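Chemist:
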Amino acid sequence: MSNFLNPENSVMQFLARVCDYLILNVVFILSCIPIFTVGAALSALYTVSFKMIRKEDGYVLKRYFKAFCANFKQGTILWLICLILFFFLQYDGLIIGSMGGSMGQILSILFYTIVLVLAAMFLYLWPILAYFVCTTKQVVKNALYMCLGHLPWTALLLLYFGLVWFIMTRSILTLGIVVAVSMAGGFSLTAWITGKIFLKIFARYQPETSQTEEKQE
C-alpha cells in the first residue's frame, strides 16, 4: 500500500497527470466565460499543454494564469479579428449561396477555399502565440506560412476538428455528448493531442531566433 501511495509510483504519476489535465480543462472553461477572453485562454491552454507534454514540472494554475496574462493583449486582438471575420464570412456566404449559374459556382469554390485556409490558420494561431515570441502580425503570417507549409499535418488537424464538428451537428443527442465530453476534459485532451502535432512542427523552426524564440517562463 505504501508503494502504491508513493509519488514516484507510475500509477500515482499517471493519476497526478490526469488530475492536472482536469484542472487545466476547468480553468480554461472558466476563463472563456467572458467570451472576449477566449483568445488568451486558448494560448494559455497550449502554453501549459506544451510544458506538460514535455513533462516539465510546475503548478498548472500558476502557469496558466501567467501565460493568460502574458498573452492577454495579443490573444484578445486576434480573437476579436477572428470574430469579425467569422461574421463577415457568414454574411458573404449567404450572398454567394443565393447566387446561381456558373459565376455562383466559381465564387462558391473560391469562398470555401478561403474559408478552409482561414480555418487552418485559426488552428495555428493559438499554439504559435503560446510557443513563440512574435508580434501579432508575425503570428498571423507564421500561421499562414505553417498551415500551408505543413499540409499533411494541417489536413490531419482539419480532419480531427471537422469530425468533432460533424458529430456535434448530427443531433441534439450528439451535441450533448460532445458538450459533456468537452466539459469533462475534452478541451485539455484536444490540446494534448494537437499539441503533440504542433511541437513536431515547431521543432523545425527552433534554430530561429528573435521572432521565433521559444517563450520561457
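Quick note: the sequence shown uses the working numbering, first residue 1042, plus one each step. Heads up, the beta-carbon is just placed ideally off N, CA and C, and yes, glycines get one too. As the structure is a prediction and not an experimental result, all values here were calculated from the model.
1) For the putative contact between Arg1104 and Thr1078, defined by C-beta atoms under 8 Å, what is the C-beta separation to the nearest angstrom?
2) As a quick exercise: from Ser1223, Gln1179, Ser1143, pick the residue whose alpha carbon is nearest that of Tyr1165.
3) Can you have a look at Ser1090 and say buried or exposed, based on whether 16 or more other CB atoms are within 10 angstroms of its CB?
4) In whole angstroms, what separates the C-alpha of Pro1075 from that of Ala1082?
5) For a test of the three-state rule: what should DSSP assign to Ile1074, helix, strand or coil?
6) What distance in whole Å lies between the Cβ atoms of Ile1064 and Phe1228, which are believed to be in contact at a cut-off of 8 Å?
7) I need the DSSP call for Lys1182, collapsed to helix, strand or coil.
8) Between the alpha carbons of Tyr1100 and Ala1160, how many angstroms are there, rounded?
9) Using the Cα positions of Ala1108 and Met1053, report the straight-line distance between them to the nearest angstrom.
10) Out of Thr1177, Leu1204, Gly1141, Ile1137, point me to the one whose CA is closest to Ile1122's CA.
11) In angstroms with no decimal places, state the Cα-to-Cα distance between Ile1208 and Phe1163.
12) When we look at the beta-carbon of Leu1214 and count the other beta-carbons within 10 Å, is it buried (16 or more) or exposed?
13) Applying the 10 Å Cβ sphere with the 16-neighbour rule, what's the burial state of Phe1239?
14) Pick from Thr1117, Ser1143, Leu1130: whose alpha carbon is nearest that of Ser1084?
15) Can you name, in chain order, every residue of its own chain whose Cβ lies under 8 Å from the Cβ of Gly1141, other than the five neighbours on each side?
16) Among Val1219, Ala1196, Tyr1172, whose alpha-carbon lies nearest the alpha-carbon of Arg1245?
Modeler: With the structure as the only source:
1) Taking the sequence shown and counting its residues from 1, the one referred to as residue 1104 is at position 63. Taking the sequence shown and counting its residues from 1, the one referred to as residue 1078 is at position 37. The Cβ separation is near 17 Å, so there is no contact.
2) For the purposes of this step, residue 1165 is taken as the residue at position 124 of the sequence shown. The option with the nearest alpha carbon to Tyr1165 is Gln1179.
3) Here residue 1090 corresponds to residue number 49 of the sequence shown, with the count starting at 1. With 16 or more Cβ atoms within 10 Å of its Cβ, Ser1090 is classed as buried.
4) Residue numbering aside, residue 1075 sits at position 34 when the sequence shown is read from its first letter. Residue numbering aside, residue 1082 sits at position 41 when the sequence shown is read from its first letter. Inter-residue distance for Pro1075 and Ala1082 is about 11 Å (C-alpha atoms, whole angstroms).
5) Counting from 1 along the sequence shown, the entry for residue 1074 is found at position 33. If DSSP states are grouped into helix, strand and coil, Ile1074 belongs with coil.
6) Start at 1 with the first residue of the sequence shown, and residue 1228 comes out as number 187. Start at 1 with the first residue of the sequence shown, and residue 1064 comes out as number 23. Wrong, their Cβ atoms sit about 12 Å apart, outside the cutoff.
7) Working through the sequence shown from its first residue, we reach residue 1182 at position 141. In the three-state reduction of the DSSP assignment, Lys1182 falls in the helix class.
8) Here residue 1100 is taken as the residue at index 59 of the sequence shown, counted from 1. Here residue 1160 is taken as the residue at index 119 of the sequence shown, counted from 1. Each residue's Cα considered, the two are about 32 Å apart.
9) Position 67 of the sequence shown, counted from the first residue, corresponds to residue 1108. Position 12 of the sequence shown, counted from the first residue, corresponds to residue 1053. Cα-Cα distance, rounded: 27 Å.
10) Counted from its first residue, the sequence shown places residue 1122 at position 81. Thr1177 is the residue among Thr1177, Leu1204, Gly1141, Ile1137 whose C-alpha sits nearest the C-alpha of Ile1122.
11) Translated into positions along the sequence shown, residue 1208 becomes position 167. Translated into positions along the sequence shown, residue 1163 becomes position 122. Roughly 20 Å between the two C-alpha positions.
12) The residue labelled residue 1214 in the question sits at position 173 within the sequence shown. Around the C-beta of Leu1214, fewer than 16 other C-beta atoms lie within 10 Å, and the residue is accordingly described as exposed.
13) Working through the sequence shown from its first residue, we reach residue 1239 at position 198. Answer is buried; the Cβ neighbour count reaches 16.
14) Translated into positions along the sequence shown, residue 1084 becomes position 43. If we check each option's Cα against that of Ser1084, Thr1117 comes out closest.
15) Position 100 of the sequence shown, counted from the start, is the residue given in the question as residue 1141. Cβ within range, chain order: n/a, list empty.
16) The residue you call residue 1245 lines up with position 204 of the sequence shown. Ranking Val1219, Ala1196, Tyr1172 by Cα distance to Arg1245 puts Tyr1172 first.
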